[in-house]
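Numbering (this note's numbering), first residue to last: 232 to 878. Backbone N, C-alpha and C fix where the C-beta goes; we use that ideal spot for every residue, glycine too. Model, not experiment: these values are computed from the prediction.
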């Protein structure tokens, strides 16, 4: 074996000159590209197609990447022969440029968008379609007239007929006119006034017309029949009905000495009809069998009614509807919760008279007496027990790796507490628990308890198991050892494949070894003993090491700095190659002939920038008679051992 030593000065100078890797080349034109997007009047961004309406501002977004390679771009918008716009781009604001082209389309239809960009003279064509819809027009609607159908009066008695009209179109006004009326009748301020004469005895029809100011103007007509009774006619008497704020009840003519038929009961919102009374004070109920000998007025009596209203109180879905009308003191049966009434992360517990749950509880099926007002019952909700939707997952890191566990949970007012081996971790009170640089003392079982006001839910038990071995590309397992802040393999490498799966050539010919300039490996004295191979590991030439493909992911072939660090740590802590757990196996070398197993250990190591010429490389030498390694520069074809260090 030949060992060429260099002076410390030359080594330091080579290290300083060659430490930095050359910068990566800039991206070329093959990385240049363009893109086309559309932005609607509402700000929504789409690709390929856009749908909007007339009169709205839309934007066409042209995106250019690596503009130094883009000569120019052209945007074309067309719709047959009706619309044609061209927008060229010859200058850009930066290496990455986005240009928005605003357009307002006045006519509906389908517009074709073509975006052409020339990248070093080669066109790139992108296409899209913009569909413009016409604005919707509200449908004009007719007004609605409100006119009494039949009304009775007497000769010489002034009659007033109020008329009103509404229009479903809230922005339109309505004018009411009379298109047919008695000759001496007047119409003003939406009221018809008329005092009939004896000649008007009988009936007459008045026709009203309501006209709105829409485009076009729409009309509606309605009529009222006026029955005029002669004064001298004494055999018929008028019975009128005062509904006291209820719906109108038409007066009835009754023959003298006869009785009046009871009309249909009127209605009044929030009240229940209690009958007709003879006096305005509502103390004497009227008997409809009474003989009528004079005109009279009957008065409606009303009792207030109350309702029960159910509210979801933060929930969603249909609430029960009680259509009953109750009077004071009447018994109410509480309705149940419909299936579709829910509230996310809450459980239904019944109804309550207060929205915050501090009132009286009302359970479905129970009864209570209603008071002198309507009642509102609010859905009463209790926060659901936390539901863990994503469980933590066990991890198997190497020493000094960073790890994290996390849970996801549904619920209200959630709090989190993590535990290790059933012991609380005081600072771990969020959904995620992370730890930097784990050590073997962190190994164990972890879980999280998620709590709220309704109780707590425990997550799955997960394991943090810190690895004690590492596998190579052949799935060989190597014991690992922690020394200070470093993690080393405690065995020499013996893989026969690179980490990309390709095989490393095995060279068992001594003559071939000395001429190798490509990767190769062998075992000491070309042994085929599996036990010997496992104990001492394989011997690799520098060309194999220099591929950078020997170590599994997250690991690397030991560097010169790694060796400096581990030796300094062992020196400071009174350790050696054996009691530190390093197990320095002196595997010898192969330089065509095998040499020194058990007496010398040689390990390749990166030293920043490797030796020049490439036929030489750095290694570490450990003799069986010393505790300190030496840095050596040797020929690259020689086969040495390999130790791995975690990144």
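In the structure shown, residue 814 adopts coil according to DSSP, grouped into three states. Per DSSP, residue 484 is one residue of the beta strand (DSSP E) stretching across 483-486. Within the segment 623-697, the complete beta strand (DSSP E) runs of at least 3 residues fall at 634-637, 639-641, 646-651, 663-666, 675-683, 686-689, 693-695. For residue 743, the enclosing alpha helix (DSSP H) has its first and last residue at 741-744. Contact check between the segment 742-749 and the segment 814-828: three or more CB pairs, one atom from each, fall below 8 Å, which counts as touching. Under the three-state reduction of DSSP, residue 552 is assigned to coil, being neither helix nor strand. DSSP places residue 764 in the uninterrupted alpha helix (DSSP H) bounded by 761-767. Excluding the 5 residues flanking it on each side, residue 691 has same chain C-beta neighbours closer than 6 Å at 622, in chain order. Residue 400 and residue 599 have their C-alpha atoms spaced approximately 45 Å apart. Residue 334 holds the alpha-carbon nearest to the alpha-carbon of residue 318 among 610, 334, 326. The three-state secondary structure of residue 847, taken from DSSP, is strand. From the listed residues 685, 672, 678, 725, the smallest Cα separation to residue 699 is found for 672.
Contact between residue 601 and residue 561 holds: CB atoms are separated by about 6 Å, below the 8 Å threshold. Of 424, 375, 392, 419, the smallest CA-CA separation from residue 405 is found for 375. Around the CB of residue 295, 16 or more other CB atoms lie within 10 Å, so the residue is classed as buried. Residue burial annotation: residue 722 is buried, with at least 16 other C-beta atoms found within 10 angstroms of its C-beta.
If you look at residue 737, you'll find it isn't in any alpha helix (DSSP H); DSSP assigns it neither H nor E. Here residue 412 is buried. Its C-beta has 16 or more other C-beta atoms within 10 Å. Judged by DSSP in its simplified three-state form, residue 774 adopts helix. By the CB criterion at 8 Å, residue 409 and residue 437 fall inside the cutoff. A straight line joining the alpha-carbon of residue 804 with that of residue 729 spans about 36 Å.
Apart from the 5 residues on each side of it in sequence, residue 656 sits with its Cβ closer than 6 Å to the Cβ of 649 in its chain, given in chain order.
Less than 8 Å divides the Cβ of residue 789 from the Cβ of residue 875. Here residue 834 carries a strand assignment [DSSP, helix/strand/coil]. Counting only residues of its own chain and dropping the five nearest sequence neighbours on each side, residue 390 has a CB closer than 6 Å to the CB of 384, 425. Residue 540: not part of any alpha helix (DSSP H); member of the beta strand (DSSP E) spanning 539-542, first to last residue. The three-state secondary structure of residue 384, taken from DSSP, is strand.
Here the alpha carbons of residue 658 and residue 646 stand approximately 13 Å from one another.
In this structure, the CA atom of residue 615 is about 16 Å from the CA atom of residue 544. The C-alpha of residue 582 is placed about 17 Å away from the C-alpha of residue 575.
In the DSSP assignment, residue 389 falls outside any beta strand (DSSP E) and carries neither an H nor an E. Cβ neighbours of residue 877 within its own chain (closer than 6 Å, five residues either side excluded): 629, 718, 786. In the three-state reduction of the DSSP assignment, residue 799 falls in the helix class.
Its Cα nearest to that of residue 440, the residue 396 stands out among 865, 447, 396. Measuring C-alpha to C-alpha distances from residue 362 to each of 336, 467, 354, 345 identifies 336 as the nearest. The alpha-carbon separation between residue 773 and residue 808 amounts to approximately 24 Å.
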